[in-house]
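Below: the structure, in structure tokens.
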């Protein structure tokens, strides 16, 4: 069964998501940005979502986790919760 570990940042607007992505791509630490900006409780842990299997997250998130490149910041990803930046830290297919 496919499993992944990932971290994310959840914000209210696509604009804020794009701004944070640019900052991270320019050298801002992902975990620091998550702690400062994420509205998800995981933000306090640097956005860490731990390990999970396929189908355990909402479909948009699940697709990005199990098809995107490991170690690359993806997003904005829109879900019913808001806009996410996502980084898959490891994956076993």
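Residue numbers (the UniProt record's numbering): 1 to 93. Where a beta carbon is used, it is the ideal one built from N, C-alpha and C, also for glycine.
Around the C-beta of residue 53, fewer than 16 other C-beta atoms lie within 10 Å, and the residue is accordingly described as exposed.
A direct Cα-to-Cα measurement between residue 23 and residue 46 gives close to 15 Å.
Taking the Cα of residue 34 as reference, the smallest distance to any Cα among 3, 63, 87 is reached at 87. Residue 59 and residue 10 have their C-alpha atoms some 16 Å from each other. For residue 65, the enclosing alpha helix (DSSP H) has its first and last residue at 59-67. In the three-state reduction of the DSSP assignment, residue 19 falls in the helix class.
Residue 2 carries a coil assignment under DSSP once its states are collapsed to helix, strand and coil. Cβ atoms of residue 84 and residue 61 come within 8 Å of each other, at about 7 Å.
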